[in-house]
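Protein sequences, first through last, are from chains B and W. Per full-length UniProt numbering, the first sequence starts with residue 1, numbered consecutively. Per full-length UniProt numbering, the second sequence starts with residue 1, numbered consecutively. Backbone N, C-alpha and C define an ideal beta-carbon position, used for all residues, glycine too. Computed from a predicted structure; not experimentally measured. Below is one structure, written out as structure tokens; the observations come after it.
2 protein chains.
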Amino acid sequence: MECKTENFKQEYKKEMRAVQDSMDVLHGKWKIAVLSSICYYNKRRFSDILSDIDGISNRMLSKELKELEFNKLIHRNVLSTQPVTVEYTLTEHGNTLKTIINNLHEWGVEHRKKIVEG
Amino acid sequence: MECKTENFKQEYKKEMRAVQDSMDVLHGKWKIAVLSSICYYNKRRFSDILSDIDGISNRMLSKELKELEFNKLIHRNVLSTQPVTVEYTLTEHGNTLKTIINNLHEWGVEHRKKIVEG
DNA sequence: CAGGATCCTATACGATACTG
DNA sequence: CAGTATCGTATAGGATCCTG
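In structure tokens:
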């Protein structure tokens, strides 16, 4: 971290792009909450997630699920019942987000302490 | 993870709130980029950060810096030069975000591979 | 049940110009 | 240099109702 050369700046920009890639996938008000809901229960249905997350509307849940599926973080499994049952699960790729979610959780706890105490 | 009791659901909601706390602090298009810029260079000035981050406007940089300072992630140090020099540094608390930023970086790299390849 | 369609508002963000 | 002020647009997100 001592050498602030042009090369260093290039590396920094490359890192930034990667971080932005992650944020592009995780952006929005509910994405992490949706992932967490599915992650905690392993398998979760639309109406379940709707009740897990306080305040989310079906419109937004639908939208977030689509984006997560597009980014291959979750899998949408349609069972041919009457009426249809839809189960959402994390993909392997989605599972790799657990570390980040856990870190966000731990950091959030510490942050709350800092802000309330300080 | 096997016991989906009411207690389990309470725990889950508590975790969600902590994760949301983190996201509330990190939300917005530029917050992580700003933190990273300061983090990489240890000490960084307004115009420096402006040139570090492609596309950010001075209005947004100003806004993001204020929010980060409000949340005690960065420190604003004014030197009485002519004209004034302002240096931004990470607080100790801000430094604890390094883990998350690194994780986002690593995950972003992997994600890009997955999406481009798949 | 699992969403889609429609309408509406708030705010996030960008561009530009200006100031001590 | 380190911002602020002003204006305008785009998007995110909420509320409600509808459907196979």
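Residues near residue i in its chain [Cβ-Cβ closer than 6 Å; skip 5 each side]
i                      : result
serine 37 (chain B)    : Arg44, Ile49 and Asp52
valine 25 (chain B)    : Asn71
histidine 75 (chain W) : Thr89 and Thr91
glutamate 11 (chain B) : none
tyrosine 41 (chain B)  : none
Segment limits, beta strand (DSSP E) that includes residue i
i                      : result
histidine 75 (chain W) : 74-79
threonine 89 (chain W) : 85-90
lysine 43 (chain B)    : 43-45
The alpha helix (DSSP H) enclosing residue i, as first and last residue numbers
i                    : result
lysine 113 (chain B) : 98-117
lysine 9 (chain W)   : 6-26
lysine 63 (chain W)  : 58-70
Cβ shell of residue i (< 7 Å), same chain only, five flanking positions each side left out
i                      : result
lysine 98 (chain B)    : Cys39
glutamate 64 (chain B) : Gly28, Trp30, Lys31 and Val34
Classification of residue i by the beta-carbon crowding that lies within 10 angstroms, buried from 16 upward
i                        : result
valine 116 (chain B)     : exposed
glutamate 2 (chain W)    : Residue placement at glutamate 2 (chain W) cannot be trusted, given a pLDDT of 46 that sits under 50; what the coordinates show is reported in the next sentence. Counting Cβ neighbours within 10 Å, glutamate 2 (chain W) comes out exposed, since fewer than 16 surround it.
leucine 79 (chain B)     : exposed
serine 62 (chain W)      : exposed
lysine 13 (chain B)      : exposed
asparagine 103 (chain B) : buried
serine 57 (chain B)      : exposed
glycine 118 (chain B)    : exposed
glycine 55 (chain B)     : exposed
glutamate 15 (chain W)   : buried
serine 47 (chain B)      : exposed
Residues of its chain near residue i, where Cβ-Cβ distance is below 8 Å and the 5 sequence neighbours each way are ignored
i                         : result
glutamate 69 (chain W)    : His75 and Arg76
leucine 73 (chain B)      : Val25, Leu35, Leu90, Thr91, His93, Gly94 and Leu97
lysine 66 (chain B)       : none
phenylalanine 8 (chain B) : none
isoleucine 101 (chain W)  : Ile32, Leu35, Ser36 and Cys39
heavy atom of the ligand FMN below 6 Å from residue i C-beta
i                      : result
glutamate 87 (chain W) : In the structure on display, the ligand FMN does not appear, and there are no ligands present to speak of.
Between the region 109-116 of chain B and the region 72-85 of chain B, do three or more beta carbon pairs fall short of 8 Å?
With fewer than three CB-CB distances shorter than 8 Å, the region 109-116 of chain B does not count as touching the region 72-85 of chain B.
Please list, in chain order, the residues of the region 76-105 of chain B that have any C-beta partner in chain W closer than 8 Å.
Residues of the region 76-105 of chain B that bring their beta carbon within less than 8 Å of a beta carbon in chain W comprise His93, Thr96, Leu97, Thr99, Ile100, Ile101, Asn103, Leu104 and His105, in sequence order.
Got a sec: which bits of the region 25-49 of chain W sit with their beta carbon under 8 Å from any beta carbon on chain B, in order along the chain?
Residues passing the 8 Å Cβ filter: Val25, Ile32, Ala33, Ser36, Ser37, Tyr40, Tyr41 and Asn42.
What residues from the region 60-73 of chain B come within 8 Å of chain W, judged by C-beta to C-beta, listed N to C?
For the region 60-73 of chain B, which is checked against every Cβ of chain W, the residues closer than 8 Å are Asn71 and Lys72.
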